[in-house]
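Student: So for the sequence shown, the numbering used here puts the first residue at 10; every next one is plus one.
Cβ atoms here follow ideal geometry from the backbone N, Cα and C, with glycine treated the same way.
As the structure is a computational prediction, the values presented were derived from the model and not from experiment.
Before I ask anything, let me first share the structure, which is written out below as structure tokens.
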Amino acid sequence: SVLENHHCCRAFQLILHKEIQLLSEFSKQEYFVFRGVVLANILATDMARHGEYTTKLKRAVDPTTPMEDRLIDKQFLMEVIMKCADTSNVGAPCLSYIHC
């Protein structure tokens, strides 16, 4: 996950920049929770884990899966949304000034 780790690093360099200090009001605990959520969401865009996500999502919507196994937690939902946003560019219309 070289690219994804780079994105995590750059995101927190910007978030913690002395002129931005986006998280200056966060407690240490809030910072670590926030960091974990952001890192997990960015790392979810790694295509090496795509099969893992599709398998879990298919199982969650399969009516034959027991109800207790169909529950989707908030973190997984955020990661799936991030994956959708990351991969949706292939469905975008080609701009006329770019040769597709």
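ALA20 and VAL47 - do their beta-carbons sit closer together than 9 Å?
Tutor: Against a cut-off of 9 Å, the Cβ pair of ALA20 and VAL47 comes out as a contact.
Student: Quick one: Cα of LEU25 to Cα of SER33, how far?
Tutor: So the alpha carbons of these two residues sit roughly 8 Å apart.
Student: Between which two residues does the alpha helix (DSSP H) carrying ASP95 extend?
Tutor: Run containing ASP95: 83 to 96, per the alpha helix (DSSP H) assignment.
Student: Note down the Cα distance separating LYS37 from LEU86, rounded to an integer number of angstroms.
Tutor: Straight-line Cα distance between these residues: approximately 25 Å.
Student: Let's test the definition: count the other Cβ atoms within 10 Å of the Cβ of ASN98 and tell me whether it reaches 16, buried, or not, exposed.
Tutor: With fewer than 16 other Cβ atoms within 10 Å, it is exposed.
Student: Would you check if the distance between the CB atom of VAL12 and the CB atom of ASP82 is smaller than 9 Å?
Tutor: Note that residue 12 corresponds to Leu in the displayed sequence, not to Val. It is not a contact, given that the beta carbons lie outside the stated cut-off.
Student: Identify, in the order they occur along the chain, each residue of the same chain with its Cβ nearer than 8 Å to the Cβ of ILE90, setting aside the five sequence neighbours on each side.
Tutor: The answer is none, since no qualifying residue turns up.
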